[in-house]
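Chains as they are written, first to last, in the numbering used here: chain E, 1 to 248; chain X, 249 to 496; chain V, 497 to 744; chain Z, 745 to 992.
Cβ coordinates follow ideal geometry from the N, Cα and C atoms, glycine included.
Quick notes on the structure that follows.
Protein chains: 4
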Amino acid sequence: MKSITFLILLSLSATTTSYGQGRDRDSLEPEATEVWQLIDKVTPAKTVGGAPSDAVVLFDGSSLDAWIHLDGSAAKWEVAEGSFTVKRGTGDIKTRETFGDVQLHIEWMAPTEVEGSGQDQGNSGIFLQERYEIQVLDSYTTETYANGQAGAIYKQYPPLVNANRPPLTWQAYDIIFRAPIFSEEGRVLVPARMTAFLNGVLVQDNVRIWGPTEYKGLPVYVEHGRASLKLQDHGNPVKYRNIWVREL
Amino acid sequence: MKSITFLILLSLSATTTSYGQGRDRDSLEPEATEVWQLIDKVTPAKTVGGAPSDAVVLFDGSSLDAWIHLDGSAAKWEVAEGSFTVKRGTGDIKTRETFGDVQLHIEWMAPTEVEGSGQDQGNSGIFLQERYEIQVLDSYTTETYANGQAGAIYKQYPPLVNANRPPLTWQAYDIIFRAPIFSEEGRVLVPARMTAFLNGVLVQDNVRIWGPTEYKGLPVYVEHGRASLKLQDHGNPVKYRNIWVREL
Amino acid sequence: MKSITFLILLSLSATTTSYGQGRDRDSLEPEATEVWQLIDKVTPAKTVGGAPSDAVVLFDGSSLDAWIHLDGSAAKWEVAEGSFTVKRGTGDIKTRETFGDVQLHIEWMAPTEVEGSGQDQGNSGIFLQERYEIQVLDSYTTETYANGQAGAIYKQYPPLVNANRPPLTWQAYDIIFRAPIFSEEGRVLVPARMTAFLNGVLVQDNVRIWGPTEYKGLPVYVEHGRASLKLQDHGNPVKYRNIWVREL
Amino acid sequence: MKSITFLILLSLSATTTSYGQGRDRDSLEPEATEVWQLIDKVTPAKTVGGAPSDAVVLFDGSSLDAWIHLDGSAAKWEVAEGSFTVKRGTGDIKTRETFGDVQLHIEWMAPTEVEGSGQDQGNSGIFLQERYEIQVLDSYTTETYANGQAGAIYKQYPPLVNANRPPLTWQAYDIIFRAPIFSEEGRVLVPARMTAFLNGVLVQDNVRIWGPTEYKGLPVYVEHGRASLKLQDHGNPVKYRNIWVREL
Chain E
1 MKSITFLILL
11 SLSATTTSYG
21 QGRDRDSLEP
31 EATEVWQLID
41 KVTPAKTVGG
51 APSDAVVLFD
61 GSSLDAWIHL
71 DGSAAKWEVA
81 EGSFTVKRGT
91 GDIKTRETFG
101 DVQLHIEWMA
111 PTEVEGSGQD
121 QGNSGIFLQE
131 RYEIQVLDSY
141 TTETYANGQA
151 GAIYKQYPPL
161 VNANRPPLTW
171 QAYDIIFRAP
181 IFSEEGRVLV
191 PARMTAFLNG
201 VLVQDNVRIW
211 GPTEYKGLPV
221 YVEHGRASLK
231 LQDHGNPVKY
241 RNIWVREL
Chain X
249 MKSITFLILL
259 SLSATTTSYG
269 QGRDRDSLEP
279 EATEVWQLID
289 KVTPAKTVGG
299 APSDAVVLFD
309 GSSLDAWIHL
319 DGSAAKWEVA
329 EGSFTVKRGT
339 GDIKTRETFG
349 DVQLHIEWMA
359 PTEVEGSGQD
369 QGNSGIFLQE
379 RYEIQVLDSY
389 TTETYANGQA
399 GAIYKQYPPL
409 VNANRPPLTW
419 QAYDIIFRAP
429 IFSEEGRVLV
439 PARMTAFLNG
449 VLVQDNVRIW
459 GPTEYKGLPV
469 YVEHGRASLK
479 LQDHGNPVKY
489 RNIWVREL
Chain V
497 MKSITFLILL
507 SLSATTTSYG
517 QGRDRDSLEP
527 EATEVWQLID
537 KVTPAKTVGG
547 APSDAVVLFD
557 GSSLDAWIHL
567 DGSAAKWEVA
577 EGSFTVKRGT
587 GDIKTRETFG
597 DVQLHIEWMA
607 PTEVEGSGQD
617 QGNSGIFLQE
627 RYEIQVLDSY
637 TTETYANGQA
647 GAIYKQYPPL
657 VNANRPPLTW
667 QAYDIIFRAP
677 IFSEEGRVLV
687 PARMTAFLNG
697 VLVQDNVRIW
707 GPTEYKGLPV
717 YVEHGRASLK
727 LQDHGNPVKY
737 RNIWVREL
Chain Z
745 MKSITFLILL
755 SLSATTTSYG
765 QGRDRDSLEP
775 EATEVWQLID
785 KVTPAKTVGG
795 APSDAVVLFD
805 GSSLDAWIHL
815 DGSAAKWEVA
825 EGSFTVKRGT
835 GDIKTRETFG
845 DVQLHIEWMA
855 PTEVEGSGQD
865 QGNSGIFLQE
875 RYEIQVLDSY
885 TTETYANGQA
895 GAIYKQYPPL
905 VNANRPPLTW
915 QAYDIIFRAP
925 IFSEEGRVLV
935 PARMTAFLNG
945 VLVQDNVRIW
955 GPTEYKGLPV
965 YVEHGRASLK
975 LQDHGNPVKY
985 RNIWVREL
């Protein structure tokens, strides 16, 4: 008690001289800016890119049990050698489980078969909450529009840089996604945000997503709750592996 | 020309019916939402955590040539076996080169020698722009205040989770740092921001830094320009290796 | 249909030449970037500062029926001449109704009786959601700490400028407040934000509130839902009038 | 000194019990969270909507001296009765002075002559930095696309509500505009932001502007420095008065 009184006298006398300089810091105690909270423990993976202890593993290399087609049927894409491949014409697949804010790790590989150019070369897509797409495309050699390359929030934000690896090479996205927040009347209050690394290189820095991905016209938010992670069948045999999410 | 006129007529007629639904998207052309820009190429590292082609390597495992003490003298910390160790009492070191916005990769290892508890166990710190500290501490077993753990923006933001590895194990930070922006009169217009991963696990998500790290009292921004990356000598033999930055 | 095909040919031919320049905009139709939505009508007040048609009027000049003390009892502050006055020792008052995101208009007047200096002169406070305080103080002549002046988010952000009027003059706050958003586990996902004008002059620009106002130590968010607007009895006879909020 | 030692002992003993609860606040001194800075004085206007003491008045009711056409010639729009009117066919006008971040107040009035419908009724526009348009339109009765109404960031963000007054009535915008910030290589680092009130009602809340206003196609940022405030000649006799800005 005595000590506190003494300190206050000290700091009052300091006031007139320290104006514009902050207080005389020597008279302050460091404890006032400590925050005491319990922080949850998470065990990181032994290897970089591996799933931490609190992650939901969405593909362990052997089974697509966590995935279904949009009509609810079992995922018909092909699993082989620890990865799975888009099966043309079967349609998109999505996770049975739904998510809000997530940290997502996902690896993909573009094929060499060039079935077209621009948007027809190794095209697929990763839709956060079934709506917000980060593009998957063989952008190593292909020329296309900037907001349609790998690393782009499709038809919205071009990637900061083109950090693609060649086709037939595994590539990795590490993504922080914050789901949009809607008012009770269904109006978007806080737009979705995304930060993304492609092969360890920053390609999106906390961008505000304009709304659900649209091929034509501007996006407009429509209210929704938790939703699945969706992968696109764009007709090209893109491969995926090592997929996990941590709910944030 | 003819086609454009035709489309406009189409869309005007659509107006009255599509109200509240967005336009009839079939009548729109997808090119209107393409953005054509040249995106710079960056070659990612072959191994995860390695330096991409546009990175500045700040420690290659053999020399501290890129680092000096605050008085400008050559860095006296000890290099051995591909890493370097804080040499107690020599003082902080900083890079010769200065930076603004960066993506930073840096690896560190806490010692086992317990020289104290709480803040005295494996304590060091990484100061972005010589001012904004993300804490380095053996927080695997040690109890301390939440905004003083590894992963914390020191005395500001606790980490989202405790993703520490044990002492004597290498740990990695991957950081996105956006420097503060000041007005011509020196007032902070846009505070610094940081996103950080510890061992691949998100620990800071785009937090707004309050100001330069202060041990006592609240931080207050003071104008500055580009500045060095600084590592703290807190008296504990913390090791560092594999340090690189990409300017954003 | 025919027209669409024609346009696509046009734009493909444009692709090679327009690289890095955006597309040839003449070949695009303007409708693609129109958004058709119904926008709610709000009738603004006839006079500036008056309540718009969708506002909840919290004080109409005659009655404190909308307000209670923290123990639930009727507000004992004194109503006279279209305003009401803090009644020393009766304690804070808060609205019966609770709010989330709001646009708030509130007018206040500091007394001339100087009962002290610094923080003891015309001190009161406006607590959004009972927790996040924008300071009310006679800061026209009084010297106090910057983050304790009128216009400050108390103990957090100083006002951008001192736009105070003298005591015995009505002053007005116009405030945009976005409530914090918490995860299901009670962790803050999106901190509260505030933009504020004092007497028509910007004093806070979309600042991220650190947590509930604390007189001592750092704020720490604790989960809550909708909450009242609270006015502080700090022992000084501050007057209030013309209070309304619009839910956002 | 003695007092500080004593306090630290106190707080260490508190540590074990207060875990997860913040520190025992009674043992902290309030001065540690005070910020002492000099805050500039600004005298607010006597009447609401009037220019504060630090504002640049861009139209005082009598002269367009502060304005020029885009070719540098004197502004030919007509001044009468304390306001000025868009003179069809003379082209846009802009301020001689250039600005960065501003608080802007501007009043406008739509004519009754209906020269068309939708976008042809009382159409003009306010371009911050000659590029980022907040729409001026008689949206009281007219139906048009949501992101083309008064209160809209044109072709980007619809207004939160329609707070229009009828034609022949003065309306007021109060705007906070933060200019975009570009990297040394000309890439946008921080997009422009806008908060806007129409007739005292919030219509834009800190939206991130996508880029310069485009009638066709998506906006793409192109680096620029300080720039003028521009008003659009869209062929309709819109009136303006009481225009001032404060640099932020």
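Out of the options, state which residue places its alpha-carbon closest to the alpha-carbon of residue i.
i	options	result
residue 874/Z	929/Z, 863/Z, 936/Z, 883/Z	936/Z
residue 334/X	313/X, 323/X, 343/X	323/X
residue 610/V	636/V, 597/V, 621/V, 628/V	636/V
residue 384/X	282/X, 485/X, 288/X	485/X
residue 538/V	944/Z, 925/Z, 906/Z, 922/Z	906/Z
residue 174/E	50/E, 166/E, 83/E, 26/E	50/E
residue 724/V	522/V, 629/V, 617/V, 532/V	629/V
residue 947/Z	555/V, 527/V, 638/V, 548/V	548/V
residue 464/X	823/Z, 869/Z, 778/Z	778/Z
residue 106/E	242/E, 248/E, 247/E	242/E
residue 535/V	843/Z, 784/Z, 895/Z	895/Z
residue 167/E	209/E, 121/E, 187/E	121/E
residue 916/Z	541/V, 703/V, 675/V	541/V
residue 37/E	455/X, 395/X, 462/X, 373/X	395/X
residue 234/E	111/E, 165/E, 73/E	111/E
residue 942/Z	805/Z, 909/Z, 954/Z, 921/Z	909/Z
residue 703/V	279/X, 436/X, 425/X	436/X
Does chain E have any CB closer than 7 Å to the CB of residue i?
i	result
residue 389/X	no
residue 952/Z	yes
residue 444/X	no
residue 485/X	no
residue 393/X	yes
Measuring only the C-alpha atoms, how far is residue i from residue j?
i	j	result
residue 740/V	residue 692/V	15 Å
residue 232/E	residue 96/E	15 Å
residue 588/V	residue 563/V	10 Å
residue 81/E	residue 708/V	53 Å
residue 649/V	residue 431/X	21 Å
residue 158/E	residue 219/E	16 Å
residue 375/X	residue 149/E	35 Å
residue 828/Z	residue 304/X	56 Å
residue 604/V	residue 696/V	14 Å
residue 474/X	residue 494/X	14 Å
residue 169/E	residue 88/E	21 Å
residue 569/V	residue 72/E	56 Å
residue 598/V	residue 673/V	5 Å
Compare the C-beta of residue i with all C-beta atoms of chain V and state if any pair is closer than 7 Å.
i	result
residue 984/Z	no
residue 217/E	yes
residue 39/E	no
residue 831/Z	no
Determine whether the Cβ of residue i lies closer than 7 Å to any Cβ atom of chain Z.
i	result
residue 599/V	yes
residue 672/V	yes
residue 557/V	no
residue 401/X	no
Quick check on residue i - is its C-beta less than 7 Å from some C-beta in chain X?
i	result
residue 211/E	no
residue 202/E	yes
For residue i, is the beta carbon positioned less than 6 Å from some heavy atom of the ligand MG?
i	result
residue 660/V	Questions concerning the ligand MG fall outside what the structure shown contains, since it holds no ligand whatsoever.
- Please go through the segment 138-215 of chain E and give each complete beta strand (DSSP E) segment of 3 or more residues, from N-terminal end onward. 171-178, 188-190, 193-198, 201-208
- Message: So if I threshold CB-CB distances at 9 Å, which residues from the segment 23-37 of chain E count as touching chain V?
- Response: 23, 31, 32, 33, 34, 35, 36, 37
- Positions along the segment 900-920 of chain Z whose CB lies within less than 9 Å of some CB in chain V: 900, 901, 902, 903, 904, 905, 906, 907, 908, 909, 915, 916, 918, 920
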